[in-house]
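Notes follow the structure.
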Amino acid sequence: MGKRAVCIISGGMDSTLCAYLAKKGGYDIVALHFDYGQRTQEKERECFYAICENLCVEKHICINADFIKYIGGNALTDSKIEIPKHSLHKHDTPITYVPFRNGIFLSIAAALAEVEHCEAIFMGIIQNDNSGYPDCSQEFVNKTRDFINQGIATNIKIDIKTPLLHLHKSDVVSLAMQESVPLELTWSCYESNEIACGACDSCLLRLEGFKKAGYEDRIRYAISK
């Protein structure tokens, strides 16, 4: 059996690039996606399946994690809380932060990795352009790796690979283009399942990344790019 890895794929640019890098690195991919009651759940799931098909992944799993929606406390899962617009970098921890989401996702990914005999989990978190999310840091990754390996019953030690952690969004776009990653299959908007709003933090980061990298984003926006 060759190298195997769980790749957490949200349907966004970062996690998608991570999965392509994992495949390039010789890993057989077990693709993992979460439906957690987010506003763009349907679009993100659609992107996930399109990306899996393009990657020819070995196995893909979509997990219903809608308990996150019932915990609440964020604008991504609570429609009563307005998605901030044109607010990039204005908040330390924005209302779009889903409490401990990456910790929850990594815990589930670790269980799947143990069952599937995977030696790595790939996650597309970025420390530099993370809108102030506390679960996107090197320290968080290191401590999570430690507690995962303390709690598994296999001799395989699971590594958490975050190859994009210290990049900026423009670096992600450039690397994705270099690796022929189909970014048109990905989705970043926090609000819309149809046409990206172009004004939420995630859309602004994506558009800024494409602009700085010198490429055109091929998805549709409600505003002129």
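The sequence shown begins at 3 in my numbering and counts up by one. Glycine residues also receive a C-beta, built at the ideal position from the N, C-alpha and C atoms. Just so you know, these numbers come straight off a predicted model, no measurement behind them.
{"Item": "If you count every other CB in all the chains shown that lies within 10 Å of the CB of Ile-107, and 16 or more means buried, which is it?", "Value": "Here residue 107 turns out to be Phe, not Ile, going by the sequence shown. Buried is the call here."}
{"Item": "Using only alpha-carbon positions, find the residue among Met-179, Cys-20, Cys-202 that is nearest to Leu-34.", "Value": "Cys-20"}
{"Item": "What span of residues does the alpha helix (DSSP H) with Phe-107 cover, start to end?", "Value": "103 to 117"}
{"Item": "Between the beta-carbon of Ser-89 and the beta-carbon of Arg-41, is there less than 8 Å?", "Value": "no"}
{"Item": "Mind listing, in chain order, the continuous alpha helix (DSSP H) runs of no fewer than 4 residues lying wholly within the region 185 to 218?", "Value": "203 to 215"}
{"Item": "Going by DSSP, what residues sit across from Asp-242 in a beta bridge?", "Value": "Given a span of 3 to 227 for the chain in the structure shown, any question on residue 242 remains unanswerable."}
{"Item": "CA-CA distance, Arg-147 and Ser-226?", "Value": "42 Å"}
{"Item": "Is there contact between the region 110 to 124 and the region 154 to 169, where contact requires at least three CB pairs shorter than 8 Å?", "Value": "yes"}
{"Item": "Along the chain, where does the alpha helix (DSSP H) that runs through Asp-16 open and close?", "Value": "15 to 26"}
{"Item": "I'd like to check one pair, Leu-166 with Ile-128: are the Cβ atoms closer than 8 Å?", "Value": "yes"}
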